[in-house]
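Enquirer:
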Amino acid sequence: MKLYYAPDTCSLSPHIVLRELAIEFELVKVDNRSKLTADGRDFLTINPKGYVAALELDDGKILTEGPAILQYLADIKPESGLAPRADSWERVRLQEWLNFITSEIHAGSAPLFNRELPEEAKSIFREKLFRWFDFLQETLSTSAYLTGASFSVADAYLFTVLGWCSFFSIELNDWPALVAYREKISARPAVQAALRAEAKD
Ligand SMILES: N[C@@H](CCC(=O)N[C@@H](CS)C(=O)NCC(=O)O)C(=O)O
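Start counting the sequence shown at 1; every next residue gets the next number (the numbering used here).
The following block contains the structure:
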């Protein structure tokens, strides 16, 4: 299996999950500006959308879209508990979280990376994110992880997108449950290993 990734992006979440599951994989770095892979290929021939993450299966199939990749990986080792069984109510809850993270937190953060966007526009997106942080603060004040007592693929995803706050000069200190949540997840060996691997070169 190959994971096409770019450092500091959403591809960190499937990267964490691959390591949590101890699945053998190869990391292929993508330059998100030139759309070239580190081994010199045109990334657009791999994912025409031009986005990381992309997962290449051993039979050559390419899977894109973070929430789909995360669930695909978790289902390879259901005993890991990183996603509830596919036909369960709990699985629907997990999908509810993944959809919220992708459409509200991930997509809501993306404009803040845009250097061309005026500050007034950015402050609208920032305010909306703050409302979602209030909501997450409430959830994570009474629950160790998004879906309950154990870490799931949704936590790998939320951990990743909350990590972008440092790029936007957003201090998470106003949401202490989010700070504690990030610290707890950051201490996981798989998370440390993924961060170390992405920091290389
Ligand atoms: N809908 C896609 C979005 C993926 C995405 O936003 N990838 C960003 C990095 S976080 C990217 O590769 N951007 C490259 C670009 O905008 O050219 C998913 O959920 O996987």
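By construction, the Cβ of each residue, glycine as well, lies at the ideal position given by its N, Cα and C atoms.
If distances are taken between C-alpha atoms only, which option among G50, V161, R19 comes closest to W132?
Expert: The shortest C-alpha separation from W132 is found at V161.
Enquirer: Less than 8 angstroms between the beta carbons of S28 and A38, yes or no?
Expert: Residue 28 is actually Val in this sequence, not Ser. It is a contact, given that the beta carbons lie within the stated cut-off.
Enquirer: For the alpha helix (DSSP H) that E198 lies in, which residues bound it at each end?
Expert: It spans 189-199 - the alpha helix (DSSP H) in which E198 sits, taken as one unbroken run.
Enquirer: Pairs of beta-carbons, one from the segment 142-157 and one from the segment 90-104, closer than 8 angstroms: are there three or more?
Expert: Cβ pair count under 8 angstroms is three or more, so yes.
Enquirer: Within a Cβ cutoff of 8 angstroms, which residues of the same chain sit near V153, ignoring the five residues on either side of it in sequence?
Expert: Taken in chain order, the residues that qualify are S13, V17, L70, Q71, L73, A74, L82, A83, L94, L98.
Enquirer: I need the straight-line Cα distance from G50 to L195, nearest angstrom please.
Expert: Cα-Cα distance, rounded: 23 angstroms.
Enquirer: In chain order, what residues of the same chain have a beta carbon less than 6 angstroms from the beta carbon of F43, not counting five sequence neighbours either side?
Expert: Only V30, K35, T37 meet the Cβ criterion.
Enquirer: Throw me the rounded Cβ distance for the L21 and I76 pair, which I believe falls under 8 angstroms.
Expert: Yes, L21 and I76 are in contact; Cβ-Cβ is about 7 angstroms, under 8 angstroms.
Enquirer: Considering only residues of the same chain and omitting the five flanking positions on each side of S80, which have a CB-CB separation below 8 angstroms?
Expert: Answer for S80: E20, L21, A74, listed in chain order.
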